[in-house]
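Heads up: the structure comes next, in structure tokens.
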Amino acid sequence: MPALVKFSVCRKRRVLVSLEKKPQDALDREHLAIFDAYLKSPYLSIKHTSYFHVYERLLKPLVGRHITFVEVGVYNGGSLFMWREFLGPNARIIGIDLNPLAKRWESEGFEIFIGNQADPAFWKDFAARVGEVDVLLDDGGHSNLQQIQTVVSMAPFIKDGGLLLVEDTHASYMTQFGNPGRHSFMRFAFDVVDSINGRFPTIKSSRNSLAQHVSSVSFFESIVAFHINRADCFVSQPTSNGGTTLDATDYRHHETRGRSIGLLRDRLARGYSGLAPESFAARAGARLFWLLLFVQSRVANRRAGKLFGR
Numbered sequence: 006m007p008a009l010v011k012f013s014v015c016r017k018r019r020v021l022v023s024l025e026k027k028p029q030d031a032l033d034r035e036h037l038a039i040f041d042a043y044l045k046s047p048y049l050s051i052k053h054t055s056y057f058h059v060y061e062r063l064l065k066p067l068v069g070r071h072i073t074f075v076e077v078g079v080y081n082g083g084s085l086f087m088w089r090e091f092l093g094p095n096a097r098i099i100g101i102d103l104n105p106l107a108k109r110w111e112s113e114g115f116e117i118f119i120g121n122q123a124d125p126a127f128w129k130d131f132a133a134r135v136g137e138v139d140v141l142l143d144d145g146g147h148s149n150l151q152q153i154q155t156v157v158s159m160a161p162f163i164k165d166g167g168l169l170l171v172e173d174t175h176a177s178y179m180t181q182f183g184n185p186g187r188h189s190f191m192r193f194a195f196d197v198v199d200s201i202n203g204r205f206p207t208i209k210s211s212r213n214s215l216a217q218h219v220s221s222v223s224f225f226e227s228i229v230a231f232h233i234n235r236a237d238c239f240v241s242q243p244t245s246n247g248g249t250t251l252d253a254t255d256y257r258h259h260e261t262r263g264r265s266i267g268l269l270r271d272r273l274a275r276g277y278s279g280l281a282p283e284s285f286a287a288r289a290g291a292r293l294f295w296l297l298l299f300v301q302s303r304v305a306n307r308r309a310g311k312l313f314g315r
């Protein structure tokens with residue numbers, strides 16, 4: 006179904022754009038508690054439709070619990086209210102932003118820290134003041150350095166059973182973020198997976214310190230979730246149940262050929278039809294959405310600069 010682009014101009018001269026569509030993977034999102042919380046937020050928040058299912062799946066077990074939830078990237082403040090509505094009154098919600106104006110949300114009961122997520126000194130001070138957290142969601146600047154530094158600095162301070170989520174990882178494939186390249190965030194995430202598999206005793210893999218904290222990694226469209234559980238970060242050993250062996254012949258590698266694998270990959274590539282015909286309108290609408298949002302952001306930043314004498 007093609008996207009329907011709606012425009013509205015509010016009294017504060019902010020141009021808002023919404024894409025009204027019902028993609029197949031989001032037909033039931035209105036039944037999700039997180040989507041309901043999103044709609045109830047009194048301030049602007051921008052989320053992709055596919056994100057809500059991921060949030061619901063990963064964070065629903067934390068609803069109502071006494072947890073510390075940190076979000077990098079406060080922007081208009083809308084997501085802070087969404088998380089409070091979704092997680093419940095027991096959640097301690099902390100926002101991090103570069104813009105000093107984000108401090109206004111402290112009057113609403115949120116804790117706000119102003120700092121640069123690409124600066125390890127900021128994270129060192131933050132961890133010293135806040136301590137361990139249950140969940141950190143990075144929706145900040147989306148550059149490779151910002152995303153990677155956030156994971157590297159905060160993984161040691163995520164509680165066991167907690168999550169470190171990085172959002173909008175499609176930036177790793179966008180030229181405006183200097184990608185694709187070998188130093189993209191997604192390449193970094195794949196390196197973490199290599200380090201996890203490097204715990205297997207006979208594999209000579211490059212290991213890094215994150216393998217001491219990250220037990221597994223989940224990949225979603227535009228979201229990467231690092232699962233923290235140090236008890237699972239150990240070197241596995243082979244075991245046997247001691248049963249009777251039949252001395253069966255091992256045929257596992259009989260037909261393992263590189264050419265066959267290459268043919269399978271080619272077949273998969275040919276089988277991918279790409280965008281559905283109706284998706285052209287959706288993509289065009291999305292580009293227009295982000296263009297108008299970019300203009301809105303530039304205007305807001307210019308006003309903030311005048312306010313702070315910059």
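Each residue of the sequence shown is one higher than the one before, starting from 6 at the first, in this note's numbering. Glycine included, each C-beta is placed from N, C-alpha and C at the ideal position.
Classification of residue i by the beta-carbon crowding that lies within 10 angstroms, buried from 16 upward
i: ASN149; result: buried
i: ARG89; result: buried
i: SER177; result: buried
i: GLU111; result: exposed
i: LEU269; result: exposed
i: GLN122; result: buried
i: GLN29; result: Low confidence applies to GLN29: its pLDDT is 47, below 50, so where it sits in the model is not reliable, and the reading given next is rough at best. Flag for GLN29 reads exposed.
i: ILE101; result: buried
i: ASN184; result: buried
Same chain, Cβ closer than 7 angstroms to residue i, five either side skipped, listed in chain order
i: PHE225; result: VAL59
i: LEU169; result: LEU141, VAL156, MET159, ALA160, ILE163, PHE231 and ILE233
i: ALA216; result: SER200, ILE201, GLY203, ARG204 and CYS238
i: ARG70; result: ASN95
i: ALA124; result: Note that residue 124 is Asp in the sequence shown, not Ala. Nothing meets the Cβ criterion.
i: GLN154; result: GLN122, ALA123 and PRO125
i: ILE208; result: ASN202
i: THR250; result: none
i: GLY276; result: none
CB contact flag (residue i, residue j, <9 angstroms)
i: LEU49; j: ASN81; result: yes
i: GLU172; j: ASP143; result: yes
i: LEU92; j: ILE98; result: yes
i: VAL240; j: PHE193; result: no
i: ALA132; j: SER158; result: yes
i: GLN152; j: PHE118; result: no
i: ARG272; j: CYS238; result: no
i: HIS147; j: PHE182; result: yes
CB-CB length for residue i against residue j, believed under 8 angstroms
i: ILE201; j: VAL219; result: 7 angstroms
i: GLY167; j: ASP139; result: 5 angstroms
i: PHE127; j: GLY120; result: 4 angstroms
i: THR180; j: SER227; result: With a Cβ gap of about 17 angstroms, THR180 and SER227 do not count as contacting.
i: LEU85; j: GLU76; result: 7 angstroms
i: GLY186; j: GLY78; result: Not a contact, Cβ separation roughly 23 angstroms.
Closer than 9 angstroms to chain C by CB, residue i
i: HIS232; result: The structure shown contains no chain C; it is built from a single protein chain.
Cutoff 6 angstroms; reference residue i; Cβ partners in own chain excluding five residues on either side
i: ALA96; result: ILE72 and PHE74
i: GLY83; result: SER46, TYR48, LEU49 and SER50
i: TYR43; result: MET87
i: ASP255; result: none
i: GLU322; result: Residue 322 is absent from the structure shown; the chain starts at 6 and stops at 315.
Beta-carbon contacts of residue i that lie in its chain and below 8 angstroms, excluding the five residues immediately before and after
i: VAL68; result: ALA38, PHE91, LEU92 and GLY93
i: GLN242; result: PRO206
i: ASN213; result: ASP196, VAL197 and SER200
i: LYS108; result: ILE117 and ILE119
Does the region 232 to 243 come into contact with the region 157 to 175, if we say contact requires no fewer than three beta-carbon pairs (one atom in each stretch) closer than 8 angstroms? yes
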